[in-house]
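Engineer: Residue numbers (the numbering used here): 135 to 443. All residues carry an ideal CB built from backbone N, CA and C; glycine is no exception. Computed from a predicted structure; not experimentally measured. Before I ask anything, let me first share the structure, which is written out below as structure tokens.
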């Protein structure tokens, strides 16, 4: 019993430190309101650009589920469905992009401010510093993205009774995707423990994830490659939420005969794959991020680079 009690005491202490770091970073971020304004403008520019893309480019037949355009193959219906598809992707990546980028740059920035040594000597370890940075940026990004994009959801007719009833499922999948992005952010940020200049590493990761989740085009037109891309929790999660926003309920994706991925031939197949990708993907990234941080911190201490942190 004493061991269990000590375990929960340790968890509470750890969560308290993460909360303190999150509040600290929120207080710091709110001093830079111009940066928040620029982030909001960046999201609005993306919406404008994707509106143009939806008007001049149309996905091939079969790339979008027919339920998205209500089985109406006219250009106007497909254009509207494609616009909804792009707007939902823009919304979620407006939420996830800045927390990822801020977390990856966290350790070098704390070093430049001269605060990293004080944090470490006060018992705030590297994972706590990174998680505090991620959650602070996530909270701000979520609020800003929701304020900017929600009016367009109303204008496009996506806010329906079916969507409101599906909010609990959206929150569950959103929580899973957020945990996945937290782990990815910690994993990529841990490289800065050994390499002071990581260059475009963060851009490579975030751009790759955006492509895999269909931010720029529907990945269901890629045939068998879709199976690999949809295994990423943010890819399957965003597509599931697209179903709920656009149709109001989950739908099957693709023709297994013509496109070649029978795992989503029916709604049941799609939901089974969704659960598998979320559970396996998140657990795998939790293990990878923990192992990498522990290994990199140990190596950084051995070579002496941890002293700068």
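Please report the Cβ distance between residue 182 and residue 216, rounded to the nearest whole angstrom; I am assuming they are in contact, meaning their Cβ atoms lie under 8 Å.
Structural biologist: Here residue 182 corresponds to residue number 48 of the chain shown, with the count starting at 1. Here residue 216 corresponds to residue number 82 of the chain shown, with the count starting at 1. That pair is no contact at about 15 Å.
Engineer: Using the Cα positions of residue 325 and residue 208, report the straight-line distance between them to the nearest angstrom.
Structural biologist: As a first step, residue 325 is located in the chain shown; it is residue number 191 there, counting from the start. As a first step, residue 208 is located in the chain shown; it is residue number 74 there, counting from the start. Each residue's Cα considered, the two are about 49 Å apart.
Engineer: What number of angstroms, rounded off, separates the C-alpha of residue 229 from the C-alpha of residue 315?
Structural biologist: Taking the chain shown and counting its residues from 1, one reaches residue 229 at position 95. Taking the chain shown and counting its residues from 1, one reaches residue 315 at position 181. In a straight line, the C-alpha of residue 229 is about 11 Å away from that of residue 315.
Engineer: For a test of the three-state rule: what should DSSP assign to residue 256, helix, strand or coil?
Structural biologist: Counted from its first residue, the chain shown places residue 256 at position 122. Coil, per DSSP.
Engineer: Which residues bound the alpha helix (DSSP H) around residue 235?
Structural biologist: The count along the chain shown starts at 1 and reaches residue 235 at position 101. Start and end: 209-238.
Engineer: Taking 6 Å as the limit between beta carbons, can you name the residues of its chain near residue 157, skipping five residues before and five after?
Structural biologist: Along the chain shown, one-based indexing puts residue 157 at 23. Around residue 157: no qualifying Cβ.
Engineer: May I ask you to report which of helix, strand or coil DSSP gives residue 162?
Structural biologist: The count along the chain shown starts at 1 and reaches residue 162 at position 28. Residue 162 falls in the helix class under three-state DSSP.
Engineer: Quick one, which of 178, 322, 337, 413 has its alpha-carbon nearest residue 427's?
Structural biologist: For this step, residue 427 is matched to residue 293 along the chain shown. Minimum Cα distance to residue 427 is reached at 322.
Engineer: Which one of 327, 139, 164 has the shortest CA to CA distance from residue 432?
Structural biologist: Translated into the one-based positions of the chain shown, residue 432 becomes position 298. Looking at the Cα atoms, 327 is the closest of the given residues.
Engineer: Could you give the DSSP three-state label for residue 366: helix, strand or coil?
Structural biologist: Taking the first residue of the chain shown as position 1, residue 366 is located at position 232. Three-state result, residue 366: coil.
Engineer: What's the C-alpha gap between residue 303 and residue 226?
Structural biologist: As a working note, residue 303 is residue 169 in the chain shown. As a working note, residue 226 is residue 92 in the chain shown. If I take the Cα positions, the gap works out to 16 Å.
Engineer: Got a sec? Which residues, its chain only, sit under 7 Å from residue 286 by beta carbon, not counting five neighbours each side?
Structural biologist: For the purposes of this step, residue 286 is taken as the residue at position 152 of the chain shown. Here the set comprises 181, 221.
Engineer: Going by beta carbon distance, what residues of the same chain come within less than 7 Å of residue 151, once the five residues before and after it are set aside?
Structural biologist: Translated into positions along the chain shown, residue 151 becomes position 17. If we look at residue 151 and ignore the five residues flanking it on each side, its Cβ neighbours are 258, 262.
Engineer: Here's the rule I'm using: 16 or more other beta-carbon atoms within 10 Å means buried, otherwise exposed. How should residue 307 be labelled?
Structural biologist: What you label residue 307 is simply residue 173 of the chain shown in a count that begins at 1. Buried, since its Cβ has 16 or more Cβ neighbours within 10 Å.
Engineer: Which same chain residues, not among the five before or five after residue 212, have their C-beta less than 6 Å away from its C-beta?
Structural biologist: Counted from its first residue, the chain shown places residue 212 at position 78. Excluding positions up to five away in sequence, the list reads 192, 203.
Engineer: By a C-beta neighbour count over all protein chains shown, 10 Å radius and 16 as the cutoff for buried, is residue 144 buried or exposed?
Structural biologist: Taking the first residue of the chain shown as position 1, residue 144 is located at position 10. Burial call: exposed.
Engineer: In this structure, does DSSP put residue 433 in helix, strand or coil?
Structural biologist: To locate residue 433, count along the chain shown from 1; it is residue 299. Helix at residue 433.
Engineer: I'd like to know whether the C-beta atoms of residue 159 and residue 270 end up nearer to each other than 8 Å.
Structural biologist: For the purposes of this step, residue 159 is identified with residue 25 of the chain shown, where counting begins at 1. For the purposes of this step, residue 270 is identified with residue 136 of the chain shown, where counting begins at 1. Their beta carbons are under 8 Å apart, which means residue 159 touches residue 270 by this criterion.
Engineer: Tell me the rounded alpha-carbon separation between residue 179 and residue 224.
Structural biologist: Locating residue 179 in the chain shown gives position 45, counting from the first residue. Locating residue 224 in the chain shown gives position 90, counting from the first residue. Answer to the nearest angstrom: the Cα atoms are 10 Å apart.
Engineer: From 410, 384, 245, 284, pick the residue whose C-alpha is nearest to that of residue 310; which is it?
Structural biologist: Here residue 310 refers to the residue found at position 176 of the chain shown. Out of 410, 384, 245, 284, 410 has the C-alpha closest to the C-alpha of residue 310.
Engineer: Is the stretch 194-201 in contact with the stretch 281-296, if contact means three or more CB pairs nearer than 8 Å?
Structural biologist: They do not touch, by the three-pair rule.
Engineer: If I'm right that residue 416 touches residue 313 with Cβ under 8 Å, what's the distance once you round it to whole angstroms?
Structural biologist: The residue given as residue 416 occupies position 282 in the chain shown. The residue given as residue 313 occupies position 179 in the chain shown. The pair is a contact, with the Cβ atoms about 5 Å apart (cut-off 8 Å).
Engineer: Locate the alpha helix (DSSP H) running through residue 176, then write down its first and last residues.
Structural biologist: Taking the chain shown and counting its residues from 1, one reaches residue 176 at position 42. That run of the alpha helix (DSSP H) goes 167-190.
Engineer: Using only the alpha-carbon positions, how far apart do residue 219 and residue 186 sit?
Structural biologist: Within the chain shown, residue 219 is the residue found at index 85, counting from 1. Within the chain shown, residue 186 is the residue found at index 52, counting from 1. So the alpha carbons of these two residues sit roughly 13 Å apart.
Engineer: Quick one: is residue 362 buried, meaning 16 or more other Cβ sit within 10 Å of its Cβ, or exposed?
Structural biologist: As a working mapping, residue 362 is identified with position 228 in the chain shown. Its Cβ having fewer than 16 others within 10 Å, residue 362 is exposed.
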